[in-house]
Amino acid sequence: MYAPTSPTSNHSRAAVESTHDYNNPPDSMAQPTPAQPAAMQAHLAAQTDLALPTPVTAASPIPQPIFTTPRLIVRPLHPQDAPSMSQHANNPKVTKYMSLAFPSPYTLDTANEWIAMNQSAPIHNWGICLASAPNAAIGGVGMKPGADVQDHAAEAGFWIGEAFWGQGLTTEVLAGLTEWCFTAEEAKLATGGKRWTRLFGTVFAGNVGSMRCFEKCGYLEEGVLRGGVEKNGVASDLHVFGLVKGDWEAKRGWREA
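Once you know that position 86 of the sequence shown is 86 in UniProt numbering, the rest is easy, because the numbers rise by one and skip nothing.
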């Protein structure tokens, strides 16, 4: 499973990028809502790649959204996000189904380091913000692109603060992320110009909320890796959920030209 996480001092960037464990917090699983095309189009017109202006400091403008949903904004991380991120991520309930690459405790320094690592292209990790409070990330979402014969695929991971569980927000994020990955021209920059045609996620056994989130967004449970993960000496099964672009298009009743 993939974790859009932060490394501690003894977790290198390479170690984080090779991780395959992530958490999708429990959610009430509201019906998915698509990314807003107007906001996406405005962002595409303004941005030429996935990098932020360099250098990014606390005084830099808050980045434009990658995509929006009715209640959320997903955008590149900014130094101003660090206090909010550390506040919401430093919670055993949030880290319960996360990989060991997600530090616990999650300090302000941890958040600052993660934000600094995600300032240059290609960016695969972003902040989740409430539309009503766009200057503070309350969670994170990311994609881990595949390689070689799997370069058409990417693995999704996300987390959100406990205060925002049970409102259907992670379903909203995943629905918007799925649309962005399958349709946005900007998404192709993350793959070197090739469109992703398969998305997937993996979920710890017991994380029923995350499983429902994937199902609500049209992902099918493709199998179970028995004893697929081990954390704190306890082995758990790993559930695999996947969605191919053709199935996603068929459910929406349209196909990209």
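No residue lacks a Cβ here, since even glycine has one placed at the ideal position from N, Cα and C.
Assigned secondary structure, residue i (DSSP; H/G/I helix, E/B strand, else coil)
i	result
residue 226	strand
residue 59	coil
residue 90	coil
residue 69	coil
residue 125	strand
residue 96	coil
residue 117	helix
residue 13	Residue placement at residue 13 is flagged as unreliable, the pLDDT there being 37, under the threshold of 50; a coordinate-derived value is accordingly withheld.
residue 264	Residue 264 falls outside the range modelled here, since the chain spans only 1 to 257, and no answer is possible.
residue 77	coil
residue 246	helix
Buried or exposed (CB count within 10 angstroms, at least 16 for buried), residue i
i	result
residue 198	buried
residue 119	buried
residue 70	exposed
residue 221	exposed
residue 154	buried
residue 76	buried
residue 172	buried
residue 40	The pLDDT assigned to residue 40 is 40, lower than 50, so where the model puts this residue is not dependable, and the model offers no usable value.
residue 65	buried
residue 131	exposed
residue 121	exposed
residue 56	buried
residue 209	buried
residue 223	exposed
residue 233	exposed
residue 142	buried
residue 246	exposed
residue 156	buried
residue 201	buried
residue 203	buried
residue 258	This structure does not reach residue 258, given that the chain is present from 1 up to 257, and the question cannot be answered.
residue 133	exposed
residue 250	exposed
Nearest to residue i (by Cα), restricted to the options the options
i	options	result
residue 186	79, 130, 129, 124	124
residue 193	207, 151, 205	151
residue 175	213, 60, 139, 222	213
residue 107	93, 121, 89	89
residue 168	65, 204, 215, 56	215
residue 145	132, 160, 181, 164	181
residue 240	249, 135, 225, 116	225
residue 139	219, 232, 73, 56	73
residue 80	137, 231, 68, 96	137
residue 128	109, 147, 158	158
residue 147	67, 252, 249, 196	196
residue 116	219, 103, 105, 58	58
residue 109	78, 68, 83, 160	83
residue 162	248, 60, 252, 85	85
residue 219	253, 164, 242	242
residue 165	207, 253, 188, 126	207
Heavy atom of the ligand SAM within 6 Å of residue i beta-carbon
i	result
residue 155	You won't find the ligand SAM in this model; it holds no ligand whatsoever.
Rounded distance between the beta-carbons of residue j and residue i, thought under 8 Å
i	j	result
residue 236	residue 244	Rounded, the Cβ-Cβ distance is 26 Å, inconsistent with contact.
residue 178	residue 217	6 Å
residue 313	residue 135	Residue 313 lies beyond the stretch modelled for the chain, which goes from 1 to 257, so this question has no answer here.
Start-end ranges of the alpha helix (DSSP H) lying completely within the stretch 130–215, minimum 4 residues: 169–183, 185–189
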